[in-house]
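Visitor:
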Amino acid sequence: MANAGPGTNGSQFFITTVATPWLDGAHVVFGRVVQGFELVKLIESYGTDGGTPRAQIQIIQSGQLQ
């Protein structure tokens, strides 16, 4: 859950490709990439230093592991 003040509840998640110790103790790990890490790296290549990706990235047809 992300919250930046009254009426701003939302959700976000991070798929990290390197160690992110600044997130430790602040966020909960709830999954991992089990296949397709090459695609994650490709998506990462669309990132910019300013944080806005060079193309719109959408995750569709995601599933839940049992």
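To convert, count from 1 in the sequence shown and add 768; that's this note's numbering.
Think of the CB as a built atom: it goes at the ideal place given N, C-alpha and C, for glycine as much as any other residue.
#1: Could you tell me the alpha carbon to alpha carbon distance between Gln832 and Gly773, rounded to whole angstroms?
#2: Over what stretch of residues does the alpha helix (DSSP H) that includes Ile828 continue unbroken?
#3: Am I right that Ile811 and Ile825 are in contact with their C-beta atoms under 8 Å? What's the rounded C-beta distance?
#4: My assumption, with CB atoms under 8 Å, is that Ile783 sits in contact with Val801. Please give the rounded CB distance.
#5: Using only the alpha-carbon positions, how far apart do Ser813 and Asn771 sit?
Guide: If we stick to the structure as given:
#1: 31 Å
#2: Careful: Ile828 lies outside any alpha helix (DSSP H) and carries neither H nor E.
#3: 5 Å
#4: 7 Å
#5: 28 Å
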